[in-house]
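Residue numbers (our numbering): 911 to 1090.
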């Protein structure tokens, strides 16, 4: 039995879950998310405010999808109640970020031009300092993907560590060439 798959998903107050076949819709104070559960997995709602994710057999595919499906549903419940936030920071002389509205960032990252990043639907940005910002949303996958795409614009390089990195990320440094 999957150790993660057998844990029930508790539904907090203020969250409404509807199950229509393989589709699970979660509606909460921050918004609404939907997910289609993969075929052999079934989701059942108990009367005490708990969702249980079940698998029909012990085939390899069913085992793999069991824990995954439960975690995706749990992430949806957390997303509509608390939301997700990914903090990033910029390291480098002259590197900075500016907010051009709640869904647009403008980066100065050493290129000859400023780089403008527009947020997809459901994602917003917050800038704490010119070198620190965060990506906020209710969909964990979308928040992580937007943060990864922003990091990809200028990855931290190994010699000086300049670039966009996740907050708290450790960048392995290289020594560089020896001086005379």
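All residues carry an ideal CB built from backbone N, CA and C; glycine is no exception.
Determine, for residue 1050, whether the minimum Cβ-Cβ distance to residues of chain C falls below 7 Å. Chain labels in this structure do not include chain C; a single protein chain is all it has.
Report yes or no: do three or more beta-carbon pairs, one from the stretch 952-960 and one from the stretch 1010-1022, lie closer than 8 Å? no
Can you give the Cα-Cα distance for residue 1083 and residue 978, rounded to whole angstroms? Working through the chain shown from its first residue, we reach residue 1083 at position 173. Working through the chain shown from its first residue, we reach residue 978 at position 68. If I take the Cα positions, the gap works out to 35 Å.
Of all the options 938, 1042, 1087, 1051, which has the alpha carbon lying nearest to the alpha carbon of residue 1006? As a working mapping, residue 1006 is identified with position 96 in the chain shown. For the residues 938, 1042, 1087, 1051, the minimum Cα distance to residue 1006 belongs to 1042.
Sub-7 Å separation of residue 919 and residue 1022 beta-carbons: Taking the chain shown and counting its residues from 1, the one referred to as residue 919 is at position 9. Taking the chain shown and counting its residues from 1, the one referred to as residue 1022 is at position 112. Not closer than 7 Å, so no.
Exposure label - residue 939; buried when at least 16 CB within 10 Å: By one-based count along the chain shown, residue 939 stands at place 29. With fewer than 16 other Cβ atoms within 10 Å, it is exposed.
In chain order, what residues of the same chain lie with their CB nearer than 8 Å to the CB of residue 950, ignoring the 5 residues before and after it? Locating residue 950 in the chain shown gives position 40, counting from the first residue. Contacts found: 965, 966, 967, 969, 971, 972, 975.
Exposure of residue 1049, with buried meaning 16 or more beta-carbon neighbours within 10 Å: As a first step, residue 1049 must be located in the chain shown, where it is residue number 139. Per the 10 Å Cβ criterion, buried.
Going straight from the alpha carbon of residue 1064 to that of residue 1075, what length do you get? Here residue 1064 refers to the residue found at position 154 when the chain shown is read from its first residue. Here residue 1075 refers to the residue found at position 165 when the chain shown is read from its first residue. Near 9 Å, if we compare the C-alpha coordinates of residue 1075 and residue 1064.
Does the distance from the CB of residue 1001 to the CB of residue 1071 come in under 7 Å? The sequence position of residue 1001 within the chain shown is 91, counting from 1. The sequence position of residue 1071 within the chain shown is 161, counting from 1. Yes, these two residues count as a Cβ contact at 7 Å.
Residue from 1078, 943, 960 with nearest C-alpha to residue 933: Position 23 of the chain shown, counted from the first residue, corresponds to residue 933. Closest option to residue 933, Cα to Cα, is 943.
Just checking my contact of residue 917 with residue 980 at CB under 8 Å: how many whole Å lie between their CB atoms? Here the question's residue 917 lines up with position 7 in the chain shown. Here the question's residue 980 lines up with position 70 in the chain shown. Residue 917 to residue 980, Cβ: 7 Å. Contact.
If you follow the beta strand (DSSP E) that residue 987 is part of, which residue opens it and which one closes it? Residue mapping note: residue 987 aligns to position 77 of the chain shown, counting from 1. First-last for residue 987: 970-991, but that is the alpha helix (DSSP H), not the beta strand (DSSP E).
Close-in-space but distant-in-sequence residues of the same chain around residue 914 (CB under 7 Å, 5 per side omitted): For the purposes of this step, residue 914 is identified with residue 4 of the chain shown, where counting begins at 1. Hits under 7 Å: 977, 980, 981.
Taking only three categories from DSSP, how would you classify residue 1054? Locating residue 1054 in the chain shown gives position 144, counting from the first residue. In this structure, residue 1054 counts as helix in the three-state DSSP scheme.
CB residue 1053 to CB residue 996, shorter than 7 Å? The residue you call residue 1053 lines up with position 143 of the chain shown. The residue you call residue 996 lines up with position 86 of the chain shown. Yes. Within cutoff.
Anticipated Cβ contact below 8 Å, residue 1016 with residue 1003, distance rounded: In the chain shown, residue 1016 corresponds to position 106, counting from 1. In the chain shown, residue 1003 corresponds to position 93, counting from 1. The pair is not a contact, with the Cβ atoms about 18 Å apart (cut-off 8 Å).
Spatially closest choice to residue 993 from 1066, 1067, 1051, 1046, by CA coordinates: As a first step, residue 993 must be located in the chain shown, where it is residue number 83. Nearest C-alpha to residue 993: 1046.
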